[in-house]
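A short write-up of the structure that comes next.
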C-alpha cells in the first residue's frame, strides 16, 4: 500500500500510533501469541518443532529415551518449587539457570531446555517467560488442556534458594518444600500427578531409582515411563497407579529402592483420597492440572507484575512495516492474519481501510494457510 508523497514532518504524528497497533496489546503479548498460535504451516514459529512429535528429543539422539515436552514441565517445576511465597522470593524467575549443578537438579533436562530457549530470549521475552510458555505448549499440544499464559516475568541474576523434592525425600520434607511455594498437601499430590503424566525417570540420572537393566540399544539412558502413554498428557498415570496396571504410577512409586518411592509416599499420605478424586469421570484431572499449573507458572517474586492473559487474536496484523520508497512515498506493507476456530469456514477476502487517507483495499489470501490447536490461520498480504 503506497500513500501519496507527504513531507516527512507532516507524517510524524501518524507514525507512533500506527506502529503501536502492530503489536497490540503490546510487543511482548504479540510475540507470545505468535508462538502459541502460529505453530504449523504459513508464517509458523519454529518453537513447537522441538516437541513435534511429542515423543521428540530435540537435544540429541532419539535412542536416549528423553522427551523434550516432559523435560520442559520438569524444568518449570524445579524453577518454581524453591519459592518462598511468604518472603516474596523465588518462583518462576529462571534462577534454575544458575542451579543446574545442584544434585536436586540432576539430569539433562535443565541444560537441554535452557540451551534451546537461550537464542530466543530478548528484551521483550525473558527466559522465565519461555519456561512458562514451554509448559503451556507441551501440555496443550500433547493432548492436554489449554493453560492460560501471562508474560512479564523477570529473570533472576543469580541462584535462588535450594529445596526441590527428591526421590529419597521424606514425606515431611516433600510437603515442606511444596508448602514454602504455597501448595498444601492436596495441591502437592495433584501437581505431582499432573507433572508425572508425561516422561520418564532415567537410570543415567537416577541410578538409585531405576536399575541398570533398563539400559538397551534403543534406550541408552535407561528411561522408565511414568505411564503407558509417555508423551500424551492424560490421566492414565492416575488410573494405572490405582488399578495396579501398566506402569503402576511410574518408577517413583515402584522403584526397587523403597527409599526412592517419593510419589508413593505422597499419594498415600491421605489414604489415596486426592489421587482417587483425580480419577473420577469428566474433566476433573484436566481442570485440576490447569489450576495448579497456572498457579505454578504465575508464582513470581514480589514486585513482578504479570501481563493479562495472552489470548489468541481473531484478526491480527503481522510483519507490518512503514517505510519510505526511493520517491519519498510512505509504503505500508504486511499481512492480516485471521484465526478461524474449529471447522468454521475461513474468510475468502478482507477489506482493509486505513485512517491515514481513508483508502480501502480488497485483500485476497495467500494459498498457504496455517494451523494450531486454536484453529486455522489465513494470511492476507497488503
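In mature numbering (1 follows the signal peptide of the UniProt record, and there is no 0), the protein residues as written are -20 to -1, 1 to 362. Cβ coordinates follow ideal geometry from the N, Cα and C atoms, glycine included. All values derive from a computational prediction rather than experimental measurement.
Pair within 7 Å by beta-carbon distance, residue i and residue j
i           : j           : result
residue 50  : residue 179 : yes
residue 371 : residue 279 : An answer regarding residue 371 cannot be provided, because it is not within the stretch -20 to 362 covered by the chain.
residue 61  : residue 116 : no
residue 48  : residue 24  : no
residue 297 : residue 319 : no
residue 256 : residue 217 : no
residue 152 : residue 135 : no
residue 213 : residue 123 : yes
residue 283 : residue 321 : no
residue 380 : residue 223 : With the chain represented from -20 up to 362, any question about residue 380 goes unanswered, as that position is not in the structure.
Among the options, the one whose alpha carbon lies nearest that of residue i
i           : options               : result
residue 254 : 159, 102 and 173      : 173
residue 165 : 91, 251, 208 and 225  : 251
residue 16  : 162, 226 and 110      : 110
residue 198 : 45, 7 and 5           : 45
residue 74  : 281, 171 and 287      : 281
residue 350 : 22, 238, 59 and 40    : 22
residue 131 : 149, 123 and 102      : 102
residue 372 : 277, 11, 159 and 13   : No answer is possible for residue 372: it lies beyond the span of the chain, which begins at -20 and ends at 362.
residue 106 : 300, 354 and 286      : 286
residue 170 : 7, 272 and 122        : 272
residue 142 : 284, 158 and 91       : 158
residue 215 : 196, 264 and 205      : 264
residue 6   : 104, 206, 249 and 124 : 104
residue 162 : 64, 223 and 133       : 64
residue 58  : 229, 33 and 91        : 91
residue 118 : 360, 227, 37 and 339  : 37
residue 316 : 300, 226 and 229      : 300
residue 219 : 335, 187, 261 and 100 : 261
residue 18  : 292, 100 and 66       : 292
residue 150 : 33, 43 and 249        : 249
residue 347 : 360, 335, 338 and 323 : 360
Cβ-based neighbour list, residue i, same chain, cut-off 6 Å, excluding 5 preceding and 5 following
i           : result
residue 189 : 147, 181, 231, 235 and 240
residue 332 : 341, 343 and 362
residue 56  : 111 and 115
residue 1   : Note that residue 1 has pLDDT 40, beneath the 50 cutoff, so the model's placement of it is unreliable and no number is given.
residue 358 : 318, 326, 345 and 349
residue 290 : 9, 12, 13 and 129
residue 270 : 125 and 127
Residues near residue i in its chain [Cβ-Cβ closer than 8 Å; skip 5 each side]
i           : result
residue 185 : 86, 87, 88 and 201
residue 268 : 170, 174 and 258
residue 288 : 5, 9 and 130
residue 41  : 200
residue 225 : 219
residue 100 : 27 and 110
residue 93  : 48, 51, 52, 55, 111 and 114
residue 314 : 2, 297, 298, 299, 300, 301, 361 and 362
residue 43  : 197, 198, 199 and 200
Chain-order list of residues whose beta-carbon lies under 7 Å from that of residue i (same chain, five-residue window excluded)
i           : result
residue 274 : 127 and 128
residue 155 : 165 and 168
residue 329 : 342, 343 and 344
residue -16 : Residue placement at residue -16 is poorly supported in this model, since its pLDDT is 39, which falls under 50; the coordinates still yield a value, given next. Result list for residue -16: 307, 308 and 309, in chain order.
residue 209 : 216
residue -11 : At residue -11, the pLDDT of 39 sits below 50, so the modelled position is not reliable; the number obtained from the coordinates is stated separately. Correct list: empty, nothing qualifies.
residue -6  : The predicted model places residue -6 with a pLDDT of 41, which falls under 50 and marks its position as unreliable; any figure quoted below should be read in that light. Result list for residue -6: 302, in chain order.
residue 68  : 281 and 282
Integer Cβ distance of residue i from residue j, believed to fall under 8 Å
i           : j           : result
residue 192 : residue 35  : No, residue 192 and residue 35 are not in contact; Cβ-Cβ is about 23 Å, not under 8 Å.
residue 140 : residue 70  : 5 Å
residue 160 : residue 78  : With 8 Å as the limit, residue 160 and residue 78 do not qualify as a contact, their Cβ atoms being about 19 Å apart.
residue 20  : residue 352 : 6 Å
residue 221 : residue 238 : Not quite, the Cβ-Cβ distance comes to about 17 Å (not below 8 Å), so this is no contact.
residue 304 : residue 125 : Residue 304 to residue 125, Cβ: 47 Å. No contact.
residue 183 : residue 195 : 6 Å
residue 39  : residue 96  : 7 Å
is_contact[residue i, chain D] using C-beta, thresh 7 Å
i           : result
residue 274 : The structure shown contains no chain D; it holds only a single protein chain.
Specify whether the segment 241 to 248 and the segment 80 to 87 touch according to this definition: at least 3 beta carbon pairs, one from each stretch, less than 8 Å apart. No, the segment 241 to 248 does not touch the segment 80 to 87.
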